[in-house]
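Inspection log for the structure reproduced underneath, given as structure tokens.
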Amino acid sequence: MSSLEARIQAERMPGPASSLFRERAFAMLWLSTIFSGLALNMFYFAEAWYVVNVLNMEASLGVIYMIGTLPRVLFMVIGGVLADRISPSKIMFVSTITKSALLAVLVLVLVEGGGIGLGALTAFALLFGILDAFFWPASGSIVPSIVSKEGLTRANSIIQTTNQSTSIFGPMISGFVIVALRYEGIFGLITVLLALGALFALLVRVRKSPSPDTKADRIPMLTSVKEGIGYVRQAPVLKAFVLKTLFLNLFFTGPFAIGIPIFVKHVLQGETLDFSMLQSFLAGGMLISSIVLGFLNLKRRRGLISVLAQLGLSFSFLALSMAVTLWTGAVFAACMGISMGISNICAISVIQNHTDKAYIGRVMSIQTMSSMGLTPISYGLTSLLLSVGVGIQNIVMGGALILLAFTFWLIVKIPSLRKAD
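Per our numbering, the sequence shown starts with residue -3, numbered consecutively.
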């Protein structure tokens, strides 16, 4: 082994969390995650509350989410192919800086026109969805490129902890900024944060592992997509996690994403800061789970832990549907956050651990696409039920019960999920 190879290997050896931050690439990724995460959480909070509280078009919130999700589903695998061919940090930079430019336009529309219509919000959701289709496979594949397999759980926990921290502070900041500076102020702040996130993403230097096939970059894109799908189909663990993710998002995402702001406004009789508080408790639970997993750095039975955590999510979601006060809702939201965090981190670590690095971008894009594949249907069904007069509490309860039954079925019928490390 050459001295250069030995040095690279030493740098990639696992160690405490502090050793990861001494790596320049990981430190830059962490800073990018902070600013981008804050910006996106603030944006989605402001968007949802604007539709529900300013436009008073609750059922249309599902339409906006659906329009934003469709391009993610359609282009996600292509984004994964690009992540295997191009530096993921460059893809993240282009996607994030373009979002910043779009938000600058949105601020101008608000300042000059005095408001945003449903059509404009839908157009922005579509453009954001296209950009996300390339951003998420890149962000999902970049960690294994700068961290050893032994350190994946710890590195993913740090990134997830950061994401969950921004999920706490994003809605909190949004609530106060909207009250103080209205929507022009919040979207202007998001524009600046996205620009900073893009800058730090550009500074991440990814060490690409040499590919055994030097002609890989010349393979047609469609062939690369087929290879990625074939790779997942031949791996029982990867295929099982795709199935788990598909149905989680069908029964949970629509009732949750659309239901929370409506639940706060109509069931809990809450205002902007109450919505902010509930979102923050949810993210706080996810932060707790991320910190705990970061210390434990689990390497065994992560598949079983992930599916059991999804079971906990189902029970917590069911309890939330029966909440009648803000504080009980906040407690159940925190329990949901803990379950979601454990399930997501363990699932990501298992997938990365069982995937060859030559396929990591495509596999992560397929996993992310599976998490969004049935989401438009979930959004559409939730909006349809709202439009025909079904109460949001009944929608949330129904989704929770179906998810609970499906998760029990997963535990019993798919042993590869239980056995995966």
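Don't be surprised by glycine CBs; every beta carbon is placed ideally from N, CA and C.
Residue i burial status per 10 Å Cβ neighbour count (16 or more: buried)
i, result
"Ala401", "exposed"
"Phe17", "exposed"
"Leu128", "The sequence shown places Asp at residue 128, not Leu. Asp128 should be labelled buried."
"Ser383", "exposed"
"Gln156", "buried"
"Arg67", "It should be pointed out that residue 67 corresponds to Pro in this sequence rather than to Arg. Classification for Pro67: buried."
"Gln348", "buried"
"Lys409", "exposed"
"Arg201", "exposed"
"Thr29", "buried"
"Thr219", "exposed"
"Leu381", "buried"
"Val260", "buried"
"Val386", "exposed"
"Ser77", "Looking at the sequence shown, residue 77 is not Ser but Val. The residue is buried, with at least 16 neighbouring Cβ atoms inside 10 Å."
"Leu292", "exposed"
"Val48", "buried"
"Val320", "exposed"
"Gly166", "buried"
"Ala121", "buried"
Proximity of residue i and residue j at Cβ, strictly below 7 Å
i, j, result
"Ser276", "Met393", "no"
"Ala35", "Val233", "no"
"Phe196", "Met24", "yes"
"Val107", "Glu180", "yes"
"Gly280", "Ala326", "no"
"Gly357", "Ala55", "no"
"Ser135", "Met88", "yes"
"Phe313", "Ala396", "yes"
"Pro257", "Phe243", "no"
"Ser335", "Gly308", "yes"
"Trp132", "Thr364", "yes"
"Leu370", "Leu274", "no"
"Ile186", "Leu99", "yes"
"Ile142", "Phe31", "no"
"Ile301", "Cys342", "yes"
"Val103", "Gly184", "yes"
Contacting residues, own chain, Cβ-Cβ under 7 Å from residue i (five flanking each side not counted)
i, result
"Ile182", "Met38, Ala42, Ser170, Val173 and Ile174"
"Thr210", "Residue placement at Thr210 is flagged as unreliable, the pLDDT there being 45, under the threshold of 50; a coordinate-derived value is accordingly withheld."
"Val228", "Leu234, Lys235, Val238, Val359 and Ile362"
"Leu406", "Lys240, Val303 and Leu413"
"Leu377", "Gly250"
"Ile344", "Asn152"
"Leu114", "Leu51, Met53 and Ser56"
"Gly266", "Val260 and Leu322"
"Lys95", "Phe124, Leu127 and Leu190"
"Ser310", "Ala396, Leu399, Leu400 and Thr403"
"Ile82", "none"
Close Cβ partners of residue i (< 6 Å) along its chain, the five nearest in sequence each way excluded
i, result
"Pro206", "In this predicted model, Pro206 has a pLDDT of only 48, less than 50, meaning its place in the structure is not dependable; the value taken from the coordinates is given anyway. Result list for Pro206: empty, nothing under 6 Å."
"Leu294", "Thr149"
"Leu269", "Gly171"
"Met372", "Note on identity: in this sequence residue 372 is Pro, with Met being the wrong assignment. So the list reads Met62, Thr65 and Leu66, once near-sequence residues are dropped."
"Gln306", "Ser339 and Thr403"
"Thr162", "Gly33, Leu34 and Asn37"
"Phe130", "Gly75, Ile87 and Ser91"
Close Cβ partners of residue i (< 8 Å) along its chain, the five nearest in sequence each way excluded
i, result
"Tyr375", "Gly58, Val59, Tyr61, Met62, Thr65, Thr249, Gly250, Ala253 and Ile254"
"Ile398", "Phe247"
"Val346", "Val233, Phe237, Arg298, Gly299, Ser302, Ala416 and Asp417"
Cβ distance (whole Å) where residue i is taken to contact residue j below 8 Å
i, j, result
"Lys353", "Pro140", "6 Å"
"Ile388", "His262", "7 Å"
"Ile154", "Gly290", "6 Å"
"Thr158", "Trp26", "6 Å"
"Ser285", "Gly337", "3 Å"
"Ile93", "Ala194", "4 Å"
Quick check for students: name the residue ranges of the alpha helix (DSSP H) that lie wholly in the segment 349 to 392, counting only runs of 4 or more.
356 to 369 and 371 to 383
Enumerated in chain order, which unbroken segments of the alpha helix (DSSP H) with a length of 4 residues or greater are wholly contained in the segment 105 to 180?
114 to 142
Contiguous alpha helix (DSSP H) assignments of at least 4 residues, all confined to the segment 281 to 348:
298 to 317
Entirely enclosed alpha helix (DSSP H) segments - the segment 19 to 72, minimum 4 residues
20 to 45
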